[in-house]
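In my numbering, the protein residues as written are 8 to 382.
Note that the Cβ used here is the ideal one computed from N, Cα and C, for glycine as well.
Right, one structure below, let's go through it.
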């Protein structure tokens, strides 16, 4: 497996040829991505490392059993891929993240993808992302984002990755994956085309769409899924939008977050990992610890109000460096189910938000403070 440096060097040497043709994307620079699959073949299979829910559920030791060893998994998120002949920068970002994860030694137990694989939910965007993620050495777990969903209401996503809501057990921890970007129908009355609907959802501050929700059906599913577990079960929830109310004008918000938190409240320890916000973001509400993840495409500025007090904001990204403020990372799961969250920022030192920092409500093991103000 080539290192990131060799991939990037080869890419730069071949940049002109890239823009003339891109017919040999995988052979020239992109981690052996299958060029044949770029033709949007109708029979494209899911990445070989993706474990179907029917296999994953119940395959590991159940939560609440004897204490389990610590383990770790890696994360990649929010790549916002366009078709390959429209934008190559975001493609290179995802490739860099795959290289990062593949170069971890030892390898993580699995890799979690946090949603918004595509930018406009088009088949070629999602197929391109699936083929790149197929190169991961570790098994893939994946979550949907709004950019993946609202062009065809998840049809292509389901074809590639299966249902957007599922759960699995791993080394004594119960993992739940939610589709938290459900919106009420704002498009039919306006006579919107599928692409108009998609672009409206992608414009987070346009005032036309409805807030994100988990929705009544998934809340019922979540309650039923967790009903068998004892109060001391170790729970980790994956949700694309934050499961709390951060900043509504940007839809950094889940409208029924309070109701979801009420379902999780009885458990002694819950961790929620979310995408969508493209930044270092940390919150704690009672027994629930919330951690955002980085994007491989671009960093978002911080919301002008409502920021959680314990968030250590990252330094302002360099506007002349397109990858500054981006990255991937790891999540180290302790035997009690709480985590150390590692932000592997590209071109910067990594930042770790530790279990001790969260348990002390920000008083112990404080991560490095930013050296210049955030946006």
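Could you tell me the alpha carbon to alpha carbon distance between residue i and residue j, rounded to whole angstroms?
{"i": "residue 322", "j": "residue 127", "result": "29 angstroms"}
{"i": "residue 337", "j": "residue 205", "result": "31 angstroms"}
{"i": "residue 288", "j": "residue 375", "result": "14 angstroms"}
{"i": "residue 359", "j": "residue 340", "result": "13 angstroms"}
{"i": "residue 141", "j": "residue 111", "result": "17 angstroms"}
{"i": "residue 296", "j": "residue 257", "result": "22 angstroms"}
{"i": "residue 202", "j": "residue 208", "result": "10 angstroms"}
{"i": "residue 350", "j": "residue 302", "result": "10 angstroms"}
{"i": "residue 363", "j": "residue 193", "result": "43 angstroms"}
{"i": "residue 133", "j": "residue 370", "result": "42 angstroms"}
{"i": "residue 352", "j": "residue 265", "result": "31 angstroms"}
{"i": "residue 3", "j": "residue 262", "result": "Any question about residue 3 goes unanswered here, given that the chain covers just 8 to 382."}
{"i": "residue 309", "j": "residue 290", "result": "14 angstroms"}
{"i": "residue 178", "j": "residue 268", "result": "24 angstroms"}
{"i": "residue 365", "j": "residue 97", "result": "32 angstroms"}
{"i": "residue 157", "j": "residue 255", "result": "19 angstroms"}
{"i": "residue 372", "j": "residue 199", "result": "50 angstroms"}
{"i": "residue 273", "j": "residue 318", "result": "25 angstroms"}
{"i": "residue 292", "j": "residue 345", "result": "14 angstroms"}
{"i": "residue 188", "j": "residue 368", "result": "28 angstroms"}
{"i": "residue 275", "j": "residue 195", "result": "43 angstroms"}
{"i": "residue 164", "j": "residue 151", "result": "8 angstroms"}
{"i": "residue 113", "j": "residue 348", "result": "17 angstroms"}
{"i": "residue 382", "j": "residue 326", "result": "11 angstroms"}
Taking the alpha carbon of residue i as the reference point, which residue from the options has its own alpha carbon closest?
{"i": "residue 120", "options": "247, 266, 331", "result": "247"}
{"i": "residue 312", "options": "259, 233, 341, 94", "result": "259"}
{"i": "residue 211", "options": "226, 190, 195, 223", "result": "190"}
{"i": "residue 215", "options": "226, 108, 197", "result": "197"}
{"i": "residue 231", "options": "220, 270, 222", "result": "270"}
{"i": "residue 174", "options": "156, 218, 234", "result": "234"}
{"i": "residue 172", "options": "273, 125, 227, 213", "result": "227"}
{"i": "residue 135", "options": "236, 160, 92, 244", "result": "92"}
{"i": "residue 129", "options": "162, 113, 268, 98", "result": "162"}
{"i": "residue 88", "options": "165, 118, 139, 117", "result": "139"}
{"i": "residue 169", "options": "109, 149, 213", "result": "149"}
{"i": "residue 78", "options": "219, 117, 124", "result": "117"}
{"i": "residue 83", "options": "124, 94, 90", "result": "124"}
{"i": "residue 131", "options": "213, 285, 242, 155", "result": "155"}
{"i": "residue 244", "options": "237, 176, 95", "result": "176"}
{"i": "residue 286", "options": "316, 294, 320", "result": "320"}
On the premise that residue j lies in contact with residue i, defined as a C-beta separation below 8 angstroms, what is that separation, rounded to the nearest angstrom?
{"i": "residue 145", "j": "residue 81", "result": "7 angstroms"}
{"i": "residue 147", "j": "residue 183", "result": "With 8 angstroms as the limit, residue 147 and residue 183 do not qualify as a contact, their Cβ atoms being about 17 angstroms apart."}
{"i": "residue 85", "j": "residue 282", "result": "5 angstroms"}
{"i": "residue 250", "j": "residue 279", "result": "5 angstroms"}
{"i": "residue 354", "j": "residue 328", "result": "7 angstroms"}
{"i": "residue 221", "j": "residue 185", "result": "6 angstroms"}
{"i": "residue 357", "j": "residue 76", "result": "So it is not a contact: roughly 23 angstroms between Cβ atoms."}
{"i": "residue 304", "j": "residue 100", "result": "6 angstroms"}
On the DSSP letters alone, give me the boundaries of the alpha helix (DSSP H) that residue i sits inside.
{"i": "residue 132", "result": "130–140"}
{"i": "residue 168", "result": "162–168"}
{"i": "residue 269", "result": "264–271"}
{"i": "residue 154", "result": "153–156"}
{"i": "residue 207", "result": "201–209"}
{"i": "residue 104", "result": "96–109"}
{"i": "residue 362", "result": "362–366"}
What residue range is occupied by the uninterrupted beta strand (DSSP E) comprising residue i?
{"i": "residue 352", "result": "346–352"}
{"i": "residue 119", "result": "118–120"}
{"i": "residue 336", "result": "334–340"}
{"i": "residue 259", "result": "Careful: residue 259 lies outside any beta strand (DSSP E) and carries neither H nor E."}
{"i": "residue 298", "result": "295–299"}
{"i": "residue 378", "result": "Element bounds for residue 378: n/a, residue is neither H nor E."}
{"i": "residue 233", "result": "Careful: residue 233 lies outside any beta strand (DSSP E), inside the alpha helix (DSSP H) at 223–233."}
{"i": "residue 82", "result": "78–83"}
{"i": "residue 309", "result": "That residue, residue 309, is in no beta strand (DSSP E); it is neither H nor E in DSSP."}
> Using 8 angstroms as the threshold, is the segment 327–337 in touch with the segment 95–106, meaning 3 or more CB pairs across them?
Replying inline: yes
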